[in-house]
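Peer 1:
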Amino acid sequence: MKKQHLLLTASLLFATSAMADNNIPNAPGWSTPARGSAMSEIVDATVKRQLEGSAVSYTQTEIDNKFSAPDWFPQQHEPMPDIVQFGKKPKVWACASCHLASGTGHPESSTLAGLSANYMTEQLKAFASGERVDYSGHMNRMAALMTEAEMIDASRWFASLPTQQFITVKEVETVASTYVDKTRMRQVDTTTPSQEPINNRIIEVPVDKELVHKRAPVSEFISYVPVGSINRGKNLVQTGGGKTIPCMSCHGADLSGSDIGPAIAGNFGIYTVRQLHGFKSNTRNGAQSAMMQPVVANLSDADMVDIAAYLSSVSIKL
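Shown next as structure tokens:
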């Protein structure tokens, strides 16, 4: 196992040095989106943009600056640590540039609000060591360059943020055709609109594309999932369905986390799917992850989609 871990770490460092995507074996491509095409909207990058209710304004260039995360409502949270708002040049991006000033994040990243500080610090250390592989490579590259103090500061700040409900789950047989934009986010294709079978997929898109491009603290998302997946997932999560153990035994009665398991309710479905595949493929390793490996051993791809669909639909503690 130690030799395997060293080989994994070595290959990981090679991959992230070129900022390449890292393979999560058997994870479906829709759960690990590659960087796609540019935004379909034409935006003048020099014009100040505004957000309803905010007293500040930013150009699109400023919004997209990975070393100065936009903070539309600074009065809504404690001051950000430097590592969260500005990052650390030349390679550590501002944490809030992807996970937002609300900690809600986007499907291609993850939701951090609601997680404990200790859990997030441990995950940063796992990214830094290569025990946990980020499909994009970004978290491995950045965590390896962070000090422990910076990890703790970032984790404590995100842990201080309130949880929010912002995902609506809809069961469908067909879904609008979509594309992945340059930020790895899936968008509805409005140029040649059509419908396609959802099959065994989760398709997550923003309700308001402009809001996510502005990196608004909270943006509503729709998670399209296969018909019947929520009830099937509920059975697996609550009873194990004869394939696994009930999630509540480690993640708490309301799935909002416990001393041994993080909060898992209300997160993006594609994030949940790629994490379950990470546990199954051992690209999420380490002491905590070892507890999950037998849990996912007998889960099929369809089971993972069902579990993710249900977890996204669960009302979270606000």
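Following numbering that gives the first Met the number 0, the numbering of the sequence shown begins with 0 at its first residue and continues without gaps. Cβ coordinates follow ideal geometry from the N, Cα and C atoms, glycine included. Quick caveat, the model's predicted, so the values are computed rather than measured.
1. Tell me the rounded alpha-carbon separation between Gly240 and Phe66.
2. Within the chosen definition, does the region 244 to 254 reach the region 93 to 102 through at least 3 CB pairs nearer than 8 Å?
3. Look at the alpha carbon of Arg34 and the alpha carbon of Gly232, and state the distance between them as a whole number of angstroms.
4. If you draw a straight line from the C-alpha of Glu170 to the C-alpha of Gly227, how long is it?
5. With contact counted as at least three CB pairs below 8 Å, one residue from each stretch, are the region 138 to 150 and the region 121 to 128 in contact?
6. Provide the residue(s) that pair with Asp180 in DSSP beta bridges, ordered along the chain.
7. Give the secondary structure of Gly232 by DSSP, where H, G and I count as helix, E and B as strand, and everything else as coil.
8. Starting from Arg155, follow the alpha helix (DSSP H) in both directions and report where the run begins and ends.
9. Using the C-alpha atoms, what's the distance from Thr173 back to Arg327?
10. Distance, Cα to Cα, Thr60 vs Ala44?
11. At what residue ranges does the region 187 to 228 contain a whole run of the beta strand (DSSP E), taking only runs of 3 or more?
12. Hey, would you say Asp152 sits closer than 7 Å to Pro80, going by beta carbons?
13. Looking only at C-alpha atoms, which of Pro225, Asn230 and Pro32 sits nearest to Tyr178?
14. Tell me which residue opens and which closes the alpha helix (DSSP H) that Thr120 is part of.
Peer 2: To lay it out plainly:
1. Counting from one through the sequence shown, the residue named residue 240 turns up at place 241. Counting from one through the sequence shown, the residue named residue 66 turns up at place 67. Spanning the two alpha carbons is a distance of roughly 46 Å.
2. The region 244 to 254 makes no contact with the region 93 to 102; the number of CB pairs closer than 8 Å stays below 3.
3. Counting from one through the sequence shown, the residue named residue 34 turns up at place 35. Counting from one through the sequence shown, the residue named residue 232 turns up at place 233. Cα to Cα, the separation comes out at about 29 Å.
4. The sequence position of residue 170 within the sequence shown is 171, counting from 1. The sequence position of residue 227 within the sequence shown is 228, counting from 1. It is roughly 7 Å from the alpha-carbon of Glu170 to the alpha-carbon of Gly227.
5. yes
6. As a working note, residue 180 is residue 181 in the sequence shown. DSSP, once it has assigned bridges, lists Ser36 as partnering Asp180.
7. Reading the sequence shown from its first residue, position 233 is the one you call residue 232. Helix.
8. The residue labelled residue 155 in the question sits at position 156 within the sequence shown. Per DSSP, Arg155 belongs to the alpha helix (DSSP H) from Glu147 to Ala158.
9. Residue coverage of the chain in this structure runs from 0 to 317, which leaves residue 327 outside it and unanswerable.
10. Taking the sequence shown and counting its residues from 1, one reaches residue 60 at position 61. Taking the sequence shown and counting its residues from 1, one reaches residue 44 at position 45. Rounded to the nearest angstrom, the two C-alpha atoms are 5 Å apart.
11. 194 to 196, 202 to 205 and 220 to 225
12. Locating residue 152 in the sequence shown gives position 153, counting from the first residue. Locating residue 80 in the sequence shown gives position 81, counting from the first residue. Closer than 7 Å, so yes.
13. Reading the sequence shown from its first residue, position 179 is the one you call residue 178. Nearest of Pro225, Asn230 and Pro32 to Tyr178, Cα basis: Pro32.
14. Looking up residue 120 in the sequence shown gives position 121. Following the DSSP letters along the chain, one finds Thr120 inside the alpha helix (DSSP H) bounded by residues Ala116 to Ser128.
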